[in-house]
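Engineer: Protein sequence lines correspond, in order, to chains A and B. By our numbering, the letter at position 150 of the first sequence is numbered 145, and the numbering carries on one by one without gaps. Going from the second sequence to our numbering is simple: count from 1 and add 3.
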Amino acid sequence: VNRTVEDRVRDVRRWLDAARAVYADRARLTASIAASTGLSIEGVTLGFESLELDATQEQLHALVAAAGSAAHIHVILSANVFIAPLRAIAIARAAAARVTVRPSSRDPTLAGALVAAAGDPAVSLAGHRDAVPASAERIDVYGRDETIAHVRRLARPRVVVRGHGAGLGVAFVARAHAGALETLADALAADVIPFDQRGCLSPRIVFVEAAPARAEAFALALHQALDHRGSQVPRGSLTPDERGEATRWRETLAFAGRVWVGADHLVGLDASGTPAMALAVPPAGRHVLVVPVESALQARDLLAPIAPFVVSVGLRDADPHCLVAPPHARVASVGTMQRPPLDGPVDRRSL
Amino acid sequence: MAAESVKSASEALHARARAMIAAFEGGREMPEPFDALAADLARFQAAHVPGYARLCAVRGIDPLGITRASQAPAVPAEAFKVVRVFAFEESEAAVTFRTSGTTRAVRGTHAMRTAASYDAAALAFGAAMFARGLAGARVPVVVIGPSELEAPDSSLSYMCALFARAFGDGRREPAFFVRGGALQVEALRVRLASLPREVPALVLATSFGLVHWLDALGPHSVPLPPGSRVMQTGGYKGRSREVSAADLRRAVAQSFAVDERAVVGEYGMTELSSQFWEATLVDPGARHGVYAEPPWARVVPVDPETLAPVPDGAAGIARIEDLANVDSAFAVLTQDRVRRSGDRFELLGRDAGAPRRGCSISLDEMLSAGAP
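1. Leaving aside the five residues before and after A/S307 along the sequence, list all residues of the same chain whose C-beta is less than 7 angstroms from its C-beta, in chain order.
2. Mind pulling the chain B residues with CB within less than 9 angstroms of A/D222?
3. Can you find a C-beta in chain B that's less than 8 angstroms from the C-beta of A/V201?
4. How would you label A/G114, buried or exposed, when you count the other beta carbons within 10 angstroms and need 16 or more for buried?
5. Sort B/G230, B/V206, B/E308, B/F47 by Cα distance to B/V88 and report the nearest one.
6. Using three-state DSSP, classify A/L368 as helix, strand or coil.
7. Is it buried or exposed for B/G361, if we count other Cβ within 10 angstroms and need 16 for buried?
8. Could you work out which residues of chain B lie near A/G162, taking near to mean beta carbons separated by less than 8 angstroms?
9. From B/R101, B/E349, B/L326, B/I320, pick the residue whose C-alpha is nearest to that of B/L376; which is it?
10. Would you list, in chain order, the members of the stretch 261 to 290 of chain B that have their beta-carbon closer than 7 angstroms to a beta-carbon of chain A?
11. Exposed or buried, which one is B/E324 when buried takes at least 16 other CB atoms within 10 Å?
12. In chain B, which residues lie less than 7 angstroms from A/G38 when you measure between Cβ atoms?
13. Kindly list the residues whose CB is nearer than 6 angstroms to the CB of B/L40, restricted to its own chain and excluding five residues on each side of it in sequence; keep chain order.
14. Taking A/G194 as the query, report the chain B residues whose CB atoms sit under 9 angstroms from its CB, ordered along the chain.
15. For B/P228, which of B/L350, B/S160, B/V202, B/E35 has the nearest alpha-carbon?
16. Pick out whichever of A/V136, A/G252, A/A249, A/V203 has its Cα sitting closest to the Cα of A/L149.
17. Report yes or no: do three or more beta-carbon pairs, one from the stretch 218 to 229 of chain A and one from the stretch 21 to 33 of chain B, lie closer than 8 angstroms?
18. For chain B, is any of its Cβ atoms less than 8 angstroms away from the one on A/I71?
19. Judging by CA-CA distance, which residue of B/E245, B/F83, B/A190, B/S247 is the nearest neighbour of B/L220?
20. Can you give me the C-alpha to C-alpha distance between B/R192 and A/E141, rounded to a whole angstrom?
21. Quick one: Cα of B/A289 to Cα of B/D346, how far?
22. Just to check my reading of the structure: A/V288 and A/V203 have Cβ atoms closer than 8 angstroms, yes? What is that Cβ distance to the nearest angstrom?
23. Using a 10 Å radius around the Cβ and a threshold of 16 neighbouring Cβ atoms, would you call A/H223 buried or exposed?
24. Distance, Cα to Cα, A/A212 vs A/A320?
25. Are B/V267 and B/V302 close, meaning C-beta to C-beta below 8 angstroms?
26. Under 8 angstroms by Cβ, that's how I've got A/A169 and A/R311 pegged, so tell me the actual separation to the nearest angstrom.
27. Report yes or no: do three or more beta-carbon pairs, one from the stretch 68 to 86 of chain B and one from the stretch 265 to 285 of chain B, lie closer than 8 angstroms?
28. Grab the span of the beta strand (DSSP E) containing B/R301 for me, first residue to last.
29. May I have the straight-line CA-CA distance separating B/A119 from B/Q257, to the nearest angstrom?
30. Label B/P375 either buried or exposed according to how many other C-beta atoms from any shown protein chain fall within 10 Å of its C-beta, with 16 as the threshold for buried.
31. Can you give me the start and stop residues for the beta strand (DSSP E) that B/F279 sits inside?
Set out below in structure tokens:
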């Protein structure tokens, strides 16, 4: 099938139309999504604000370019952030004339609603237990590394598997912006709250380039911002494992640094000055580690061991040349980290 | 408090811990209650270990008010990876142990100002649970692991060397059969085949070392002298294929021609000074997978979220109270799941947990990932 770039862009636009229809109907879906994701009702409502409803022609051209090409793509979705199916399907649709989508068995709502709203004959839903169709030339799998590895093992020869794994976001507050700590802390809180920080774009470590006292001031401001925003969008339920991890992290940070305990969040401050401390990565669930650094270079060095997992870097101004950002990572202004343009996969490591 | 008086306070606490160990060795009553020394350790550590006072404060605990071990917060094992957990200047450390590294190389560090209490604890309980019945006889010791020279910061290599010196027959044959990270199969085979038949031997091994040995040995066996026993410790950490504990034990027993009950599990951690042993050599009713504690250490299953002890018989994560951990953290919170089983505890291993929600990566996933 010889589809031009414009054909592909048009096909993706059809899915943006579907997204707008689903968004308009979101009240009907909210309870179901809350039940499957563990998010609060307010959390689901907030999450819908990150659903892509539009894109520029330039962004869609970038998406098409990143999408590759195949006759038939099978998309395997996991219990990712609940809006993730739109981008996953849009990329597959840009690449292929035929797409089958296997929604997450734990979180099937949005994928089903999108497919129904799009009415795109090229895209159909597959059952949770259905095998990968024999005609699929490519599998786009979204999930944890073990899921991706499992799909790769089972894939037939010559089937391309594009894995989109787990990751994390980080942020960097430059010395030049030390005068705007409260504003930046509030913007960062706006990036932490959505999806209860379970997304790979969600910031979990913030490097603050300033004297330690400024980093402490930022940690306190972030604690207050999370308190304020958390009162409007309460955290949903954490799993027992998540609660246990949060407890361990709180205890570790209480020992190794300083910790502020909110009703629905934790903010830790690295007071140790040891390089390993930056690796005390908090678990998801609205938990943030603030690390004072002397320079962007130091932040980059501290981040180096986990840099391959960094999907997104938040800055006050989205400077793509910031030293802290690994080359593959998205760079965004803090406060907008959860709303990347629809220009390709959220996680660019797979490209 | 001046460094000298901190040192003397530490020495006094070490002496009390070693008095308990000596009482155990002599079959005497403990010289003081567990809680009395635990409470003094908690106060000492709150005063001199950076971070412990902060941990107490976050938990709303006044260290001066602690009278029982259970009141003192436990330090998560992760803390040993990110900051120093010891009550002295680094230059004063007599030994420093580090946890085994992963690809991302975040290693826990446990520095000790003196190894005397560690040595006493390891030897006393090791003699009781593993070298029991040897009546002080010096026997051949074979270690399927690296020497102290090869792995100078490994607490396991240190303990094995300690055992080789204390229980070994002092012969010149090399005792350690992992060099340059590789098992010396032929040298080990020759050493085992040459063991005198009239005295039992002690084989000390990691689980992955045993798997490599079994893979190299194939269907053959190298019988150990009668009365020999094998210590099996540790997990696999990606260093060999993984085998269930029961299958490994069975295969080890067959390959060495010893009774399965003579294959004894040891459970220890870099962050501790004491070890725990399966009791299959000393108690006919003991099961594999169930470990005994020495009187100076306790394993308490706690709820991972509340950190409160779980009801008897329920599984929790192990909070380990080790009175020989004088200069670091006498209470350590591990990630291992355990369950009380009578006056012992059952080691259940790490819990894989339920599938995660979302695509945020966990620290464990990052640390266990291969090089990208």
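Where a beta carbon is used, it is the ideal one built from N, C-alpha and C, also for glycine.
Structural biologist: According to the structure data:
1. The count along the first sequence starts at 1 and reaches residue 307 of chain A at position 312. Same-chain partners within the cutoff: G164, L196, A324, R325, A327, M332.
2. Here residue 222 of chain A refers to the residue found at position 227 of the first sequence. Correct list: empty, because the minimum Cβ distance to chain B is about 17 angstroms.
3. Counting from 1 along the first sequence, the entry for residue 201 of chain A is found at position 206. Not one chain B Cβ lies under 8 angstroms of A/V201.
4. In the first sequence, residue 114 of chain A corresponds to position 119, counting from 1. In this structure A/G114 is exposed. Its beta-carbon is surrounded by fewer than 16 other beta-carbon atoms within 10 angstroms.
5. As a first step, residue 88 of chain B is located in the second sequence; it is residue number 85 there, counting from the start. Looking at the Cα atoms, B/F47 is the closest of the given residues.
6. Because chain A here runs from -4 to 346, residue 368 of chain A falls outside it and cannot be looked at.
7. Taking the second sequence and counting its residues from 1, the one referred to as residue 361 of chain B is at position 358. With 16 or more neighbouring CB atoms inside 10 Å of its own CB, B/G361 falls in the buried class.
8. Within the first sequence, numbered from 1, the residue matching residue 162 of chain A stands at position 167. Under the 8 angstroms cutoff, chain B gives C362, S363, I364.
9. With chain B represented from 4 up to 375, any question about residue 376 of chain B goes unanswered, as that position is not in the structure.
10. Residues of the stretch 261 to 290 of chain B whose Cβ lies closer than 7 angstroms to any Cβ of chain A: none.
11. Indexing the second sequence from 1 puts residue 324 of chain B at position 321. It counts as buried.
12. Translated into positions along the first sequence, residue 38 of chain A becomes position 43. The contacting residues do not exist; A/G38 stays about 12 angstroms from chain B at best.
13. Within the second sequence, numbered from 1, the residue matching residue 40 of chain B stands at position 37. Cβ neighbours of B/L40 beyond the five flanking positions: R19, L326.
14. Here residue 194 of chain A refers to the residue found at position 199 of the first sequence. Taking a Cβ-Cβ cut-off of 9 angstroms, the neighbours of A/G194 in chain B comprise G361, C362, S363, given in sequence order.
15. What you label residue 228 of chain B is simply residue 225 of the second sequence in a count that begins at 1. Looking at the Cα atoms, B/V202 is the closest of the given residues.
16. Walking along the first sequence from the start, residue 149 of chain A turns up at place 154. Closest option to A/L149, Cα to Cα, is A/V136.
17. Contact annotation: the stretch 218 to 229 of chain A does not touch the stretch 21 to 33 of chain B, with fewer than three C-beta pairs closer than 8 angstroms.
18. To locate residue 71 of chain A, count along the first sequence from 1; it is residue 76. For A/I71, the answer is no, since every Cβ of chain B falls outside 8 angstroms of its Cβ.
19. For the purposes of this step, residue 220 of chain B is identified with residue 217 of the second sequence, where counting begins at 1. Nearest Cα to B/L220 within the set B/E245, B/F83, B/A190, B/S247: B/A190.
20. In the second sequence, residue 192 of chain B corresponds to position 189, counting from 1. In the first sequence, residue 141 of chain A corresponds to position 146, counting from 1. If you take the alpha carbons of B/R192 and A/E141, they lie about 38 angstroms apart.
21. Here residue 289 of chain B refers to the residue found at position 286 when the second sequence is read from its first residue. Here residue 346 of chain B refers to the residue found at position 343 when the second sequence is read from its first residue. Distance between the alpha carbons of B/A289 and B/D346 is about 11 angstroms.
22. Start at 1 with the first residue of the first sequence, and residue 288 of chain A comes out as number 293. Start at 1 with the first residue of the first sequence, and residue 203 of chain A comes out as number 208. The C-beta separation of A/V288 from A/V203 comes to about 7 angstroms, placing the pair in contact by the 8 angstroms criterion.
23. Here residue 223 of chain A is taken as the residue at index 228 of the first sequence, counted from 1. Classification for A/H223: exposed.
24. Within the first sequence, the letter at position 217 stands for residue 212 of chain A. Within the first sequence, the letter at position 325 stands for residue 320 of chain A. Between A/A212 and A/A320, the alpha-carbon positions lie close to 24 angstroms from each other.
25. Here residue 267 of chain B refers to the residue found at position 264 of the second sequence. Here residue 302 of chain B refers to the residue found at position 299 of the second sequence. Contact annotation: B/V267 and B/V302 have beta-carbon atoms that are not nearer than 8 angstroms.
26. Counted from its first residue, the first sequence places residue 169 of chain A at position 174. Counted from its first residue, the first sequence places residue 311 of chain A at position 316. That pair is a contact at about 7 angstroms.
27. Here the stretch 68 to 86 of chain B makes contact with the stretch 265 to 285 of chain B; the two share three or more CB pairs at distances below 8 angstroms.
28. The sequence position of residue 301 of chain B within the second sequence is 298, counting from 1. First-last of the beta strand (DSSP E) with B/R301: 300 to 305.
29. Locating residue 119 of chain B in the second sequence gives position 116, counting from the first residue. Locating residue 257 of chain B in the second sequence gives position 254, counting from the first residue. Taking the Cα positions, B/A119 is about 37 angstroms away from B/Q257.
30. Locating residue 375 of chain B in the second sequence gives position 372, where the first residue counts as 1. With a pLDDT of 38 at B/P375, under the threshold of 50, the predicted position of this residue should be treated as unreliable, though the coordinate-derived value follows. Label assigned to B/P375: exposed.
31. Translated into the one-based positions of the second sequence, residue 279 of chain B becomes position 276. Looking at the DSSP string, the run of the beta strand (DSSP E) that includes B/F279 is 279 to 281.
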